[in-house]
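Asker: Start counting the sequence shown at 14; every next residue gets the next number (the numbering used here). We put the beta carbon where it would ideally sit given N, CA and C, even for glycine. Note that the structure is a prediction, hence the values are computed from the model and not measured.
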Amino acid sequence: MAPDNFAGPLIINFDIINFNFLFIYIAYLNLLIISIYCQPLLFYVKLLNMDNNINKKSKLTKRFFLVLLILILMFGSFNAGIYLTGKEAVINELAKKEVVYLGKVLGKYSQPDNNLLTQDIDFNLYWKVWDSIKRDYVGKDKINEKELFYGSLKGMVSSLGDPYTIFMDPKITEEFGNDLAGTFEGIGAEIGIRNDILTIIAPLADMPAQKAGLLAGDKIYAIDGESTAGIIVDEAVNKIRGPKDTGVTLSISQDGIEKVKDVTIIRDQIITKSVKKELREDNIYVITISNFNDDTIGLFNEAVQDLLKHNPQGIIIDLRNNPGGYLDTAVDIASEWIEEGTVVSEQFSSEIKNDISATGGARLKDYKTAVLINQGSASASEIVSGALKDYNLATLVGMRTFGKGTVQTLEEYNDGSSVKLTVAKWLTPNGNNINEEGISPDIEVDMTQEDYQNFKDPQLDKAVEILKEQNAKDAY
């Protein structure tokens with residue numbers, strides 16, 4: 014409600030006012046005509062009640078007044094028809110203009126699904142605000158309509174309070190596709206919102222962020238001196254990314270250290286292969302998966318084929334600092350151990366549960382396996398580690414995972430924009446919901462800052478030790 018001293022302009026729709034006056038005028042004419050012919054009508058009624066012994070002239074008079082009555086009723090109906098059909102025509106014309114206006118902005122999506130509309134919300138309010146901005150905003154000449162429109166969609170989606178549900182304009186959508194393809198320019202770190210604070214989820218191996226000392230769980234309080242309070246992920250990504258050989262300064266704090274420090278990172282071209290393989294001298298095969306993206310399945314299959322040729326004593330799957338990726342890729346990889354049964358279950362808002370089963374193969378089911386996890390292991394990497402743990406097919410070593418137990422789908426639109434939308438929670442085969450809880454390791458081993466600086470890896474060392482102990486037991 015506007016305050017009493019509101020000095021905004023008074024806006025009057027003269028088209029509607031003139032239209033209403035036309036209705037009143039036509040109605041007035043009808044009343045006038047009826048009143049003029051009221052007396053003859055009354056006289057005709059009297060004639061109908063008179064004695065039947067009347068002459069032919071009186072009968073002709075009655076016929077005359079009957080015809081006159083019919084004409085008056087027809088005239089009144091005609092004018093009423095003008096009133097009613099005229100009103101309908103104007104309403105239809107207004108509706109046509111509204112649809113055209115909506116279509117100009119929304120294209121093929123201008124017609125909403127009536128089943129999804131909320132009856133107690135006036136969606137015309139959106140366009141009233143839009144018109145007010147375009148008409149009265151002091152800087153209206155500099156308004157970019159696309160940015161204004163996309164900004165409103167971002168605001169609508171961000172109001173859900175879900176850091177994983179975001180609207181992406183065409184530029185951000187393209188960058189998101191490049192991420193999954195494994196090529197972009199930046200610092201090489203996955204970021205997200207944790208407890209309303211911008212957080213490093215996972216620094217990618219051998220990338221600028223990791224080389225600068227950033228760790229999973231680091232909190233980012235400013236980017237180039239600008240506070241990150243209230244920022245959404247795609248805005249933060251835009252600020253952090255940039256051309257190769259340029260710098261970006263992050264104000265961060267690390268676990269156990271209250272003081273905020275500035276770290277300047279030189280951006281580079283980030284080209285990552287999501288799978289690396291190594292056969293150690295002790296005949297233990299290590300497969301490191303940094304993402305579950307476009308190239309993962311092909312590279313993982315190559316690693317498995319190479320592994321089978323060497324027939325190692327054990328396998329270590331390194332999922333540390335793996336922020337996730339495609340769900341079906343995670344299911345396919347877990348299926349290399351799980352012969353049959355559920356790999357992961359999706360719990361939708363409708364309470365429908367969808368069990369996703371192993372895709373077959375299980376080429377690695379007979380190999381002793383250890384899985385490395387830490388605070389940067391999220392989403393799809395938690396699906397793999399959680400499934401192998403529930404089926405007792407691997408020993409988990411490291412630290413509790415990030416705890417991203419939700420599934421997102423990407424809905425793309427004709428203009429190149431998209432919405433990454435949370436559609437379900439996922440559960441491990443035993444029905445465990447790990448969202449914000451994470452998956453706990455079977456054997457907890459931490460990595461300190463000193464370990465990183467001295468290139469020590471106690472988590473990997475522990476996994477190797479466990480596999481050797483298991484092989485030793487089988488020897489007796």
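1) CB-CB under 6 Å to Phe197, same chain, minus the five flanking residues each way: which ones, in chain order?
2) Name the DSSP bridge partner or partners of Gln360?
3) Mind checking which residues open and close the beta strand (DSSP E) that includes Ala393?
4) Give the range of the beta strand (DSSP E) segment to which Lys207 is assigned.
5) For the candidate residues Gly311, Glu424, Asn387 and Leu320, whose alpha-carbon lies nearest to that of Lys381?
6) Is there at least one non-hydrogen atom of the ligand COA closer than 8 Å to the beta-carbon of Arg148?
7) Whole-angstrom Cβ separation of Glu449 and Gly416, contact assumed at under 8 Å?
8) Can you find the residues in the same chain that come closer than 8 Å, C-beta to C-beta, to Lys438, ignoring five residues on each side of it along the sequence?
9) When you compare each of Ile156, Ile369, Gly230 and Gln318 to Thr212 by their alpha carbons, which one comes out closest?
10) Restricting to Cα atoms, I'd like to know which of Val250, Tyr426, Ser453 and Gln483 is closest to Pro183.
11) Which residue's Cα is closest to the Cα of Ala383: Lys322, Asp368, Glu457 and Gly444?
12) Exposed or buried, which one is Gly327 when buried takes at least 16 other CB atoms within 10 Å?
13) Could you pull out every residue in the same chain whose Cβ sits closer than 6 Å to the Cβ of Ser264, ignoring the five residues on either side in sequence?
14) Would you grab the beta carbon distance between Lys366 and Ile179 for me? Rounded to a whole angstrom, and I think it's under 8 Å.
15) Using the three-state DSSP reduction, which class does Asp290 fall into: helix, strand or coil?
16) For Pro256 and Asp135, I'd like the C-alpha separation in whole angstroms.
17) Any idea what DSSP makes of Asp331, helix, strand or coil?
18) What residue range does the alpha helix (DSSP H) around Ser165 cover?
19) As a quick exercise: from Asp368, Ile396 and Glu349, pick the residue whose alpha carbon is nearest that of Gly374.
20) Just to confirm before moving on: does the CB-CB distance between Asn334 and Gly389 stay below 9 Å?
21) So Lys378 and Glu353 are in contact, right, with Cβ under 8 Å, and what is the actual spacing, rounded?
22) Is it the case that the Cβ atoms of Val357 and Leu332 are separated by a distance below 9 Å?
23) Report the partner residues of Asn446 according to the DSSP bridge assignment.
24) With DSSP run on the structure shown, which of helix, strand or coil describes Ala316?
25) Once the 5 residues before and after Ile245 are set aside, which same chain residues still bring their CB inside 8 Å of it?
26) Tell me where the alpha helix (DSSP H) around Val458 begins and ends.
27) I need the boundaries of the alpha helix (DSSP H) containing Ile351, first residue and last residue.
28) Which whole-angstrom value is the C-beta distance of Leu409 and Gln472, which I expect to be below 8 Å?
29) Going by Cα to Cα distance, which pick from Ala371, Asn324, Ser362 and Pro336 is closest to Val344?
30) Can you say whether Glu291 is buried or exposed, counting buried as having 16 or more other CB atoms within 10 angstroms of its CB?
31) Under DSSP, the alpha helix (DSSP H) around Ile233 begins and ends at which residues?
32) On the DSSP bridge list, what partners appear for Lys433?
33) Taking the straight line between their C-alpha atoms, what separation do you get for Asp428 and Gln318?
34) Quick check on DSSP: helix, strand or coil for Leu377?
35) So, is Gln223 buried or exposed, given that buried needs 16 or more other C-beta atoms within 10 angstroms?
36) What did DSSP end up calling Gln282 once you bin it into helix, strand or coil?
Answerer: In short, the structure shows the following:
1) Asn191 and Ile283
2) Lys366 and Lys438
3) Element bounds for Ala393: not the beta strand (DSSP E) but the alpha helix (DSSP H), Ala393 to Asp403.
4) According to the sequence displayed, residue 207 carries Arg and not Lys. That run of the beta strand (DSSP E) goes Ala202 to Arg207.
5) Leu320
6) Looking for the ligand COA in the displayed structure turns up nothing, as the structure carries no ligands at all.
7) 5 Å
8) Glu359, Gln360, Gly418, Thr419, Val420, Asn446 and Asn448
9) Gly230
10) Tyr426
11) Glu457
12) buried
13) Tyr234, Ala235, Val273 and Asp275
14) Actually they are not in contact, since the Cβ atoms of Lys366 and Ile179 sit about 26 Å apart, beyond 8 Å.
15) The question names Asp, but residue 290 in the sequence shown is Lys. DSSP places Lys290 in strand when its eight states are reduced to three.
16) 45 Å
17) strand
18) Glu158 to Ser171
19) Glu349
20) yes
21) Not really, about 10 Å apart at Cβ, beyond 8 Å.
22) no
23) Leu440
24) helix
25) Lys167, Ser171, Pro176, Ile179 and Ile206
26) Segment: none, Val458 is in no alpha helix (DSSP H) and carries neither H nor E.
27) It is not in any alpha helix (DSSP H) - Ile351 carries neither H nor E in the DSSP assignment.
28) Not confirmed; about 11 Å, so no contact.
29) Ala371
30) exposed
31) From DSSP, Ile233 is part of no alpha helix (DSSP H) but of the beta strand (DSSP E) over Lys232 to Ile236.
32) Ile179 and Leu423
33) 42 Å
34) coil
35) buried
36) strand
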